[in-house]
Every structure is written in C-alpha cells, then in structure tokens.
Amino acid sequence: MERPVLLEPPDGGWGWLVALAVFLESGLIFGVIRSFGVFFVEFVGHFGEPAGRVSWVTSITIAILLFASPVGTALSTQYGTRPVVMAGGILLGLGMFLASFATSLTHLYLSIGLLSGFGGALVFAPSVAMLARYFKRRRGLATAVAFSAPGLSSLAFSPLFQFLVDSYGWRGGLMIVAGLTFHLVACGTLLRPLALAEDLALAPAPQRSWLAKLSSLFGLALLASRPFLTFAVAGLLMNLGYLVPFAHLVPHAREIGFDEYQAACLVSAMGATDLCGRLVAGWLDARRAFRLLHILTLWILLTGVTLLLVPFGHTYPILMGIDICYGFLAGAVIPLKFSSLVEIVGTGRISEATGLINLLESFGALAGPPLSGKVLEFAFLPLL
C-alpha cells in the first residue's frame, strides 16, 4: 500500500516520535564519544601507549562517522531509512563489543574507530535527514530538542562509565556500553517513511549510465551549487576548531595547575551549557525574528572569539566562565546548522546534502585536534 503524498511536511504528529528517535540516537552516539575519556585512561595504562596515539580512537570514530555519511544517506535513499539505521545500530554496538576483546590499539582503531564509526554514519545522517522532512515551521525547535541529548548524556555517561570501569574493568564496561548502543536498533523502528510532493518534482529521469545513477544517488549535483559549497567550506573551517576544547581543555586545565576534579567540572559545565545553547537556538529559530543564516554566522563568530579567550583563563573562575560561554555557543551552532541546510537545498535534497556536508566537515573534525597539538609543539606555550 502506497503512502499518500503530502504537499508539505506535517510539522508534528509522528514527527515528534522521529524527533524522539533522533534524540535517543544523538544521545547514545555522541554521549558515548564525549565520555570515552574514562576508557582512554584505562587504554593508556593497559596498552602502555602514549595518550596521543590513544586519542586517535576518537578521531577515527568521528572522521568515519562523518566521512561515510554519504554512504548512509545513499543507502537510505535506495533501501529506506528504517532498515539502514537499524543495520547501523547493529554495527555500532558490534564494534563496541569487539573492542572489549582488544589486545592492541590497532584492534581499537578497527573495532571502535572503523566499525562503530561506520555504524554511526548509517544511523546519524539518515535520521537527521528524516527529521528535517517531518517539520517546516517547527523544524528549528524539533532539531534543537532532538540534538539536546548529547548534553544530557555527557553529564550522565561520564560517572556511569567510571562506575562500570571500577566495577567490571574496562572490558566489562565496554560490553555494557555495547548493550546500550544496541538500543539504536529500536530507535530505527520509529523512522517511518514520508512521501512529499517535492520528492516527485526532484525525481531523476531514468539513467542508463551507472556513473549518472551513482551521481544522482549521492547528490553530487549539489557540488555545483555555489550556496551549498560556501556553506560546506564554512562548516569545514568551523570544525577545525570546534572539537579542540573537547580534546584539549582537560589537559590544558591540568597543565596550568588545576586538579582532576576541577578539570572534570569544566567538562560537566560545558555539557550543561551545550544543552541550554541548543534549546535557545531552537527558540530563536521558531521566532524567526532574523534570517537563520545570519544567526548561524553570528553564533560561529562568537564561538571562535570564545576560543581565542581560553589562553587568558589563568584563574579557575575565568576559565570556567569561558568554558560556559563556549559550551553554550557551540551547542547552539549544531541545530542552527542543520536547519539552515534545509533552507539552502530544500527538503527534497536534504538527505544527500546531509551526507555531503558531513563528508566535507569530516576533514576539519579529523585535522582539528592533531593540528592544535602541533601548534602547541611549535609555540612551546601551555595553550590549547
């Protein structure tokens, strides 16, 4: 039985269950990634490897998650979002489970970095695209609510993971984390297909060339769009600095004399204000007092300025204030970015656009933390 074709997104209804699914997915995926530092301490001690090499586990995971996003969106276009997301949940959980048997860092690179990262790509990008198709007027609010989960899960997962490591060791802890991530399969069942009139208008003509079919499937025609390319390059440059505090803020705080508890509080504060920033971004989008792209540009500018202030945080209250500002601004950028993307490409091409944007931004996400480390080595200063 064919589903009725809707002229516009329903702006609610089942869409709120889709928002719930994306909320749980983003919380599980990015909450685990942000809180994985607890396991990194164990990896450094167990494998006797330097922290720099261990940190590549996260870099590879995020890079694969973003880099393989076009594959996830192409598969969802071809076979449907629901089965692709469910398959991604299985792969992500399987990667975490296999990591519990790791005997070297290479095993972690392959299990968590490659397998779980690819599973995350099959889950995240298709789900975000599906959420955008269900909303129009309330898209910003729905996106903000759905993306507020990482802030909450970051607060919960860090102490939970520490408890698991203390109680069951890092191997047992990873097995339990794998069980948590397998719940992504259940989230995938909520992603009910939706047919929109814009899909029919953008339906490609029958193609004989396999190259033309591949180009259509991955949305490569978007690369000829100047607004899309400008947006993509801006996102790539933003990602060069976006992840730097998550990787280096705690070591920086320890280096300038603050204890472990104070450094950990910086992470918790960033997670809390990240949540507030995402919700405020949704409220601003719903009001539509200003053009969304203008708000996003201002938010990115302020995020960069906040990063520049970190070296001046010589006292704990000042560093905490900068940390709170960064968490708020960085959190607000994410829902605004995806809502702005729909304005540029439309709902009919949002799936392919999401995959391509994540692919291009992966270069910034992968290069940012290592590049900042190199800057530190050359500068010989205790900065980020």
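Positions in the sequence shown are counted from 1; adding 11 to them yields the working numbering.
Even glycine gets a Cβ: it sits at the ideal position worked out from N, Cα and C.
Note that the structure is predicted; figures quoted are calculated from it, not measured.
With respect to the 8 Å criterion, residue 284 and residue 333 are not classified as neighbours on the basis of their beta carbons. Residue 101 and residue 267 have their C-alpha atoms spaced approximately 42 Å apart. Under the DSSP assignment, residue 348 falls in the alpha helix (DSSP H) whose first and last residues are 327 to 356. Fully contained in the stretch 69 to 147 are the following alpha helix (DSSP H) runs of length 4 or more, in chain order: 80 to 90, 92 to 110, 116 to 119, 128 to 145. Within the same chain, and ignoring the five residues on either side of residue 248 in sequence, the residues whose Cβ sits closer than 8 Å to its Cβ are 375. Here the alpha carbon of residue 201 sits roughly 14 Å from the alpha carbon of residue 135. Contact check for residue 310 and residue 286: beta-carbon distance about 16 Å, past the 8 Å limit, so the pair fails to qualify.
Residue 370 and residue 129 have their C-alpha atoms spaced approximately 12 Å apart. The beta carbon of residue 356 sits closer than 7 Å to the beta carbons of 233, 239, 364 from its chain, once the five residues preceding and following it are set aside; these are given in chain order. Taking a cut-off of 8 Å for Cβ pairs, the stretch 339 to 353 and the stretch 289 to 298 touch, as three or more such pairs fall below it. By a beta-carbon distance limit of 8 Å, residue 161 contacts residue 45. Their separation comes to about 7 Å. Taking each of 77, 190, 52 in turn and checking the Cα distance to residue 39, the smallest one comes out for 190.
The DSSP-derived three-state label of residue 207 is strand. With contacts defined as CB atoms closer than 8 Å, residue 260 and residue 379 fail to qualify as a contacting pair. Put simply, the backbone Cα of residue 330 is about 14 Å away from that of residue 316.
Taking C-beta atoms under 8 Å as the contact rule, residue 26 and residue 140 fail to qualify, at a distance of about 13 Å. Rounded to the nearest angstrom, the gap between the Cα atoms of residue 327 and residue 20 is 47 Å. The C-alpha of residue 114 is placed about 28 Å away from the C-alpha of residue 271. Close CB contacts of residue 149 within its chain, under the 6 Å cut and outside five residues either way in sequence, are with 22 (chain order). The DSSP-derived three-state label of residue 154 is helix. Given a length threshold of 4 residues, each whole run of the alpha helix (DSSP H) inside the stretch 262 to 300 is given here in chain order: 271 to 298. Classified as exposed, residue 90 has fewer than 16 neighbouring CB atoms from the shown chains inside 10 Å of its CB. Per DSSP, the unbroken alpha helix (DSSP H) holding residue 53 starts and ends at 48 to 58. Close CB contacts of residue 124 within its chain, under the 7 Å cut and outside five residues either way in sequence, are with 68, 71, 72, 75 (chain order). Note that the C-beta distance between residue 176 and residue 53 is below 8 Å. Distances from the CA of residue 188 to each of 29, 50, 87, 372 were compared; the closest alpha carbon is that of 50.
Buried is the label assigned to residue 314, since at least 16 other Cβ atoms lie within 10 Å of its Cβ. Only residues of its own chain outside the window of five on either side were considered, and among them 86, 87, 133, 137 have a CB closer than 6 Å to the CB of residue 95, listed in chain order.
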